[in-house]
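A.B. asks: Mind having a look at this structure? Questions to follow.
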Amino acid sequence: DDVSVSTSAVEIRGGEQSSSPSSGLIKRLKIGSYFGLWYFLNVVYNIINKRVLNELPAPLSIGSIQFAVGGLYSLFLWMTRLRETPKISPNGRSACLVIGMCHCLGQLCSMISLGAGPVSFTHIVKALEPFFSAMVSALVFRKWMRPQVYATLLPVVGGVGYACLKERSFSWISFYAAMASNLLFAMRAVYSKNAMGGESISSANLFGVVTWVAFFVSVPAAVFREKTVIFDLWKQATATGARTPPELARMVLISGLFHYLNNEVMYMALSQVHPVTLAVGNTMKRVFIMVASVLVFRNPVSVQAGIGSAVGISGVLFYSLVKQYYEKLEAQHLQQMLAGGSKKKGRAPAVKKAVDTNKTTKTTARKRTTSRSRRNN
Numbered sequence: 001d002d003v004s005v006s007t008s009a010v011e012i013r014g015g016e017q018s019s020s021p022s023s024g025l026i027k028r029l030k031i032g033s034y035f036g037l038w039y040f041l042n043v044v045y046n047i048i049n050k051r052v053l054n055e056l057p058a059p060l061s062i063g064s065i066q067f068a069v070g071g072l073y074s075l076f077l078w079m080t081r082l083r084e085t086p087k088i089s090p091n092g093r094s095a096c097l098v099i100g101m102c103h104c105l106g107q108l109c110s111m112i113s114l115g116a117g118p119v120s121f122t123h124i125v126k127a128l129e130p131f132f133s134a135m136v137s138a139l140v141f142r143k144w145m146r147p148q149v150y151a152t153l154l155p156v157v158g159g160v161g162y163a164c165l166k167e168r169s170f171s172w173i174s175f176y177a178a179m180a181s182n183l184l185f186a187m188r189a190v191y192s193k194n195a196m197g198g199e200s201i202s203s204a205n206l207f208g209v210v211t212w213v214a215f216f217v218s219v220p221a222a223v224f225r226e227k228t229v230i231f232d233l234w235k236q237a238t239a240t241g242a243r244t245p246p247e248l249a250r251m252v253l254i255s256g257l258f259h260y261l262n263n264e265v266m267y268m269a270l271s272q273v274h275p276v277t278l279a280v281g282n283t284m285k286r287v288f289i290m291v292a293s294v295l296v297f298r299n300p301v302s303v304q305a306g307i308g309s310a311v312g313i314s315g316v317l318f319y320s321l322v323k324q325y326y327e328k329l330e331a332q333h334l335q336q337m338l339a340g341g342s343k344k345k346g347r348a349p350a351v352k353k354a355v356d357t358n359k360t361t362k363t364t365a366r367k368r369t370t371s372r373s374r375r376n377n
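Counting along the sequence shown from 1, when you hit position 202 you're at 202 in the numbering used here, and nothing is skipped either side.
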């Protein structure tokens, strides 16, 4: 049977292979710098954002302002030609609309969770995000993984559940909001894979467009839910003298800028590595955030929460490694099928030539036999 396998089906999971050791080193340093910068920006954002929410507990309004800051930053880059203006196809616009809504609602849920509970608790629950990503990928794209991979998610769920059980800072509002954020951010990651339809839509430009969509979606939600509460909270925060209006405004603007830069660098990192690698980095990042929040805000973390979060984070790491292992096996299997198909195609002309030669030989032999018979007669 003819075996035909498309080369496009074979994916190199870790990115393109380097042509030389020096280029491979440069690529690793580039990826490492992305992850290091992402960690730094995210830790700073979470600390500043928590301080802003402590002063102005209006998560929807603050989230909308942060989207506006990020959108204006990207617009400035486009207008000054520091970054090429994105060109998006009609399909790309639809994808950006979906991603923007997921990004907006996911961020607002994160803001609600952070406002209702300590930073450490929110990120313990958000360690479940890979579980939601696996489920969304299976349901949306019908891309099911091996049972062994799904089995590795059990310690993730169990560890996070154990960490939340009897947690002294437990908040149902914070828990449900963080879980909703997990689902929405998982959908954002899955649909982002289909958003590169524009002629010049880089990962950074994609997030710029998504931020503007998120801003326009967030404004009606903030106005409907919180109305003018933020103005009353602003007056109360500045009336005590603890914060002056310029200081408070600076905090809000800086939180919005760090929110945008943190997510933009995350998109840039995603463009260089496999999503599994990003999931491992994202989980490890939460450890840094939890440690930083404990040091800055002095939030107590029980031994049970520490054990549960350690089990959950270890489970995510195990899940990521097992998933990557089976993906490599599938890629190798496809490559072997491709190589086998090429060999069969290569042998086919030789076999045909041999058959034709055999037929010619037989025909020649028959003619000689017939000629000899005629001569004898």
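Built from N, CA and C at the ideal position, the CB exists for glycine as well. Everything numeric in this text was worked out from a predicted model, so none of it was measured.
1) By Cβ distance, which residues of its chain are closer than 6 angstroms to E199, with the 5 residues on each side in sequence left out?
2) So, does the segment 62–78 touch the segment 104–118, judging by three or more C-beta pairs under 8 angstroms?
3) Considering S203, what are the terminal residues of the alpha helix (DSSP H) in which it resides?
4) Cutting at 7 angstroms between CB atoms, please list the residues of its own chain near S378, excluding the five before and the five after it.
5) By the 10 Å Cβ neighbour count, where 16 or more other Cβ atoms means buried, how is A95 classified, buried or exposed?
6) Among I124, V157 and N282, whose alpha-carbon lies nearest the alpha-carbon of A177?
7) Going along the chain, which residues of its own chain have a beta-carbon closer than 7 angstroms to the beta-carbon of N262, five neighbours each way excluded?
8) Which first and last residues belong to the alpha helix (DSSP H) in which R93 is found?
9) Quick check: the Cα distance between I26 and F35, rounded to an integer number of angstroms?
10) With 16 other CB atoms within 10 Å as the buried threshold, where does S320 fall?
11) Quick one: complete alpha helix (DSSP H) runs, 4+ long, within the segment 222–268?
12) Using only the alpha-carbon positions, how far apart do S174 and Q324 sit?
13) Short of 6 angstroms in beta carbon distance, which residues of its chain neighbour V311, apart from the five on each side in sequence? Order them along the chain.
14) Are V210 and G92 closer than 8 angstroms when you measure CB to CB?
15) In chain order, what residues of the same chain lie with their CB nearer than 7 angstroms to the CB of P220, ignoring the 5 residues before and after it?
16) Nearest to G256 by alpha carbon, out of V52, I31 and S203?
17) To the nearest angstrom, report how far apart G161 and F132 are at their CA atoms.
18) Would you tell me roughly how many angstroms separate the C-alpha atoms of L153 and V322, rounded to the nearest one?
19) Going by the CB atoms, is the gap between V190 and V140 shorter than 8 angstroms?
20) So, at 8 angstroms on beta carbons, what are the nonlocal neighbours of S314 in its own chain, with the 5 sequence-adjacent residues on each side left out?
C.D. replies: Let me lay it out:
1) The predicted model places E199 with a pLDDT of 49, which falls under 50 and marks its position as unreliable; any figure quoted below should be read in that light. These residues qualify, in order along the chain: K87.
2) yes
3) S203 to E226
4) The structure shown has nothing for residue 378, since the chain only spans 1 to 377.
5) buried
6) I124
7) Taken in chain order, the residues that qualify are W38, L41, N42 and Y45.
8) P90 to A116
9) Each residue's alpha carbon lies about 14 angstroms from the other.
10) buried
11) 229–239
12) 32 angstroms
13) P155 and G159
14) no
15) none
16) V52
17) Approximately 15 angstroms between the Cα atoms of the pair.
18) Take the alpha-carbon of L153 and the one of V322: they are about 10 angstroms apart.
19) yes
20) P155 and G159
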